[in-house]
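Trainee: Can you read through this structure? Questions will come right after.
Residue numbers (UniProt numbering): 1 to 270.
Here's what the structure looks like:
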């Protein structure tokens, strides 16, 4: 899915600029907030134009493919860790690119790593999600270093956004309804995710400058900011309903992410 609109952006000093966000469903929140903040019809002074585009992919990698290599003839879905989406050619002429991934890299979402991850023609019988995530990020980093001209394009990577399920995970009764205030004491925050340590290690090795928007800790405070049970009336409180304690209400937490993005854009223009 692609969302695209032409907006004015007083922050970025080019006559016409293109900003692309490439990421998971969570980035729709960032994209929506960014669009609303930029679209200000009251401004009368001369403005420059920004081409704002959101590319929604379930992964930075290609979609899962079917592997036919099992002796009994079974078909098995695999995820390539060594390739980037074919649509990546669209990103090369961008002025600003915002990437993120990490939220859906869980064992439950990736078949617990059994016969799921593929590199070349080889399918790993067992591979931990952290090792797979590291390999995927290395593939992404190599693509950025090879294809992005850092004198033209500013690359951002938005970090991991915290979830707040209590009493179970999203599929086992986890909930966050009734939360009306953020966490106020750091001692109650979750441990720093290993996924972000992996990301930071990969970023340190890259040749291309990547502006790291580390939102992990700031989002961990906001246990009160998730949609929870609040959605369409016909789906509220129905038997077996899963609560959403990982995405965010709008207006809300994603607005703060864009404050960081605004600040970073201003810094890069100095």
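Beta carbons: idealized from backbone N, C-alpha and C, even for Gly. Quick caveat: nothing in here was measured; it's all calculated off a predicted structure.
Do you know whose CA, among 150, 178, 226, lies nearest residue 206's CA?
Mentor: That would be 150, whose Cα lies nearest to the Cα of residue 206.
Trainee: What is the rounded straight-line gap between the Cα of residue 215 and the Cα of residue 105?
Mentor: If you take the alpha carbons of residue 215 and residue 105, they lie about 17 Å apart.
Trainee: Identify which residue in 199, 208, 252 has its Cα closest to the Cα of residue 222.
Mentor: Comparing Cα positions, the closest option is 252.
Trainee: How is residue 269 classed by DSSP in three states: helix, strand or coil?
Mentor: Three-state DSSP puts residue 269 in coil, outside helix and strand.
Trainee: Between the segment 89 to 101 and the segment 153 to 160, can you find at least three pairs of beta-carbon atoms closer than 8 Å?
Mentor: Short answer: they touch.
Trainee: Give me the DSSP bridge partner(s) of residue 156.
Mentor: Paired residues: 98, 211.
Trainee: How is the beta strand (DSSP E) around residue 118 delimited, first residue to last?
Mentor: Start and end: 117 to 119.
Trainee: If residue 81 sits next to residue 136, beta carbons under 8 Å apart, how far is it from one beta carbon to the other, in whole angstroms?
Mentor: Rounded, the Cβ-Cβ distance is 5 Å, consistent with contact.
Trainee: Taking the CB atoms as reference points, tell me whether residue 117 and residue 124 lie closer together than 8 Å.
Mentor: Yes; because the gap between Cβ atoms is below 8 Å, this pair is in contact.
Trainee: From residue 129 to residue 168, what does the alpha carbon distance come to, in whole angstroms?
Mentor: Using only the alpha carbons, I get a separation of about 20 Å.
Trainee: Who are the near neighbours of residue 264 in its chain, counting only those whose CB is closer than 6 Å to its CB and skipping five residues on each side?
Mentor: Closer than 6 Å at the Cβ level, and outside the excluded window around residue 264, lie 211.
Trainee: Could you give the residue range of the beta strand (DSSP E) that holds residue 77?
Mentor: From DSSP, the beta strand (DSSP E) with residue 77 extends over 76 to 80.
Trainee: Whole angstroms is fine: what's the gap from residue 56's alpha carbon to residue 85's?
Mentor: The pLDDT assigned to residue 56 is 46, lower than 50, so where the model puts this residue is not dependable; a value taken from the coordinates is nonetheless given after this. Their backbone Cα atoms lie some 11 Å apart in a straight line.
Trainee: Name the one or two DSSP bridge partners that residue 228 has.
Mentor: Answer by DSSP bridge pairing, in chain order: 244.
Trainee: Between the alpha carbons of residue 76 and residue 113, how many angstroms are there, rounded?
Mentor: Going from the Cα of residue 76 to the Cα of residue 113 covers about 12 Å.
Trainee: Between which residues of its own chain and residue 246 is the CB-CB distance below 6 Å, once the five residues before and five after are set aside?
Mentor: Excluding positions up to five away in sequence, the list reads 163.
Trainee: Can you have a look at residue 148 and say buried or exposed, based on whether 16 or more other CB atoms are within 10 angstroms of its CB?
Mentor: So residue 148 counts as buried.
Trainee: Mapping the DSSP letters down to three states, classify residue 135 as helix, strand or coil.
Mentor: In this structure, residue 135 counts as helix in the three-state DSSP scheme.
Trainee: Can you tell me which of the three DSSP states residue 166 falls into?
Mentor: The answer is strand: DSSP assigns residue 166 an E or B state.
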